[in-house]
Structure formats: C-alpha cells, structure tokens
Amino acid sequence: GIDTITPLLNGAPIGATGTTVVCGSDYTLTFTDSSGAPVTGVNAQGPCTLTGTTLSVTSGNGECIITATSPGAGNLAGTTSTWTLTASEAAQQPVRTMRARKPRAGKTVTIARAGADETTIGQRVTYKVTRGKNKCSLKVTKKGAVKLKARKKGTCVVTAKASGIDNLYLPYKERQKYKI
Numbered sequence: 006g007i008d009t010i011t012p013l014l015n016g017a018p019i020g021a022t023g024t025t026v027v028c029g030s031d032y033t034l035t036f037t038d039s040s041g042a043p044v045t046g047v048n049a050q051g052p053c054t055l056t057g058t059t060l061s062v063t064s065g066n067g068e069c070i071i072t073a074t075s076p077g078a079g080n081l082a083g084t085t086s087t088w089t090l091t092a093s094e095a096a097q098q099p100v101r102t103m104r105a106r107k108p109r110a111g112k113t114v115t116i117a118r119a120g121a122d123e124t125t126i127g128q129r130v131t132y133k134v135t136r137g138k139n140k141c142s143l144k145v146t147k148k149g150a151v152k153l154k155a156r157k158k159g160t161c162v163v164t165a166k167a168s169g170i171d172n173l174y175l176p177y178k179e180r181q182k183y184k185i
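Just so we're aligned: the sequence shown equals residues 6 to 185 in the numbering used here.
Listed below in structure tokens is the structure:
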C-alpha cells in the first residue's frame with residue numbers, strides 16, 4: 006500500500022476540497038502519517054509562507070499550495086501529497102461601531118463616539134443617511150464622532166462604509182436603523 010499523509014491546520018484536518026485561510030493570519034501546520042514515518046519536504050507556494058510549522062498568509066488573493074513527502078515505512082510505500090488552500094481577504098472593523106439609539110424629534114444624539122471615522126487598519130469611514138433623508142441628518146465632528154439630528158418622526162437608515170485594500174482587506178459596511 007501507499008502511505009497516507011494528513012495535514013492539520015490549527016489541529017483540524019484540511020479537507021479534500023481544501024480550506025480557506027485569511028490574509029494577515031498565521032496558522033499552525035502539522036502532519037500525521039499512517040506509516041509513522043517523519044513527514045519531510047514540506048513546502049508552501051503562492052500567497053503563503055512557511056517557517057517551521059507556522060503558515061503565514063501574505064495576500065488574500067490566490068491559492069496556497071502545500072506539498073509534503075513521506076518516505077513510507079513498513080509495508081507502506083512513500084508518497085508526496087499536495088493540498089490547496091484558498092486565500093481570502095481579511096475583514097476590517099471600525100474603531101468605533103454605530104450605537105442603536107432612539108432619538109427624539111428635534112434632538113441630536115451621538116451614534117458613534119470619537120474615532121469612528123476610521124477602521125482598525127486606518128481606512129476612512131464615511132457615513133451617509135441612505136433612507137429617510139427628510140427624517141434625519143448627520144454631522145461628523147473633527148474628532149470623528151458621528152452625530153445624528155432627528156428632524157421629525159419616522160425612520161432613517163445610516164450606512165457606514167470604508168474601502169477595502171486589494172488582496173488584503175475586504176470593504177467594510179455597516180447599516181443601522183433609527184426610529185424617531
């Protein structure tokens with residue numbers, strides 16, 4: 006028979022259909038072998054690098070090709086196996102998220118505290134009333150706080166967006182509904 010190598014990513018087997026890995030993340034890559042022989046010749050190609058057992062994903066675009074060899078042992082012949090991991094862009098998060106509030110007509114409330122104008126990776130967040138523009142308006146302060154002025158009863162929806170960075174981070178989008 007032929008030896009069987011099983012790759013483990015953070016302790017979980019990599020499936021026959023592959024696994025998705027996220028840009029900017031590190032994973033522990035280890036192997037088990039049905040013959041008990043040491044797995045050698047481990048290599049990573051594509052948007053991943055391998056240092057010891059640490060697999061680092063350097064881009065969110067492409068496929069990481071992992072190759073490993075076992076010399077076999079006993080009555081099991083040696084083998085070289087290959088696995089494909091799909092690299093994806095990482096999600097980005099805002100420094101501050103919008104808070105659910107119930108503003109009263111004629112009043113102004115802070116819906117996101119200072120620092121809400123950028124994501125954790127430094128992308129600029131823009132805010133816009135995307136529904137109910139006659140019900141409310143927005144103002145972003147110099148320190149990045151977002152204030153909602155409730156004009157009259159009804160519902161308005163505020164959408165926050167930030168651009169992604171190609172091959173690294175996905176765009177950010179958050180929606181919050183406010184009932185006045």
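C-beta: ideal position from N, C-alpha, C; glycine also. Note that the structure is a prediction, hence the values are computed from the model and not measured.
Put simply, the backbone Cα of T33 is about 17 Å away from that of G46. Residue range 160-167 is occupied by the beta strand (DSSP E) that includes C161. Boundaries of the beta strand (DSSP E) around D31: 31-38.
In this structure, the CA atom of T164 is about 12 Å from the CA atom of V151.
When secondary structure is reduced to three states using DSSP, K184 falls in the strand class. Secondary-structure assignment with DSSP links V26 through a beta bridge to A92.
Contact check for I10 against S61 fails: the beta carbons are separated by 8 Å or more. Shortest Cα-Cα distance from A105 to any of N15, Y183, G16, N172 involves Y183. For G111, same chain residues with a beta-carbon under 6 Å away, outside a window of 5 residues either side, do not exist. Setting aside the 5 residues that flank it on each side, R118 is surrounded in the same chain by R101, A150, each with a C-beta closer than 7 Å to its C-beta; the list follows chain order. Cβ neighbours of A95 within its own chain (closer than 6 Å, five residues either side excluded): V27, C28, G29, Y174.
Annotated as proximal: S142 and R156, with beta-carbon spacing under 8 Å.
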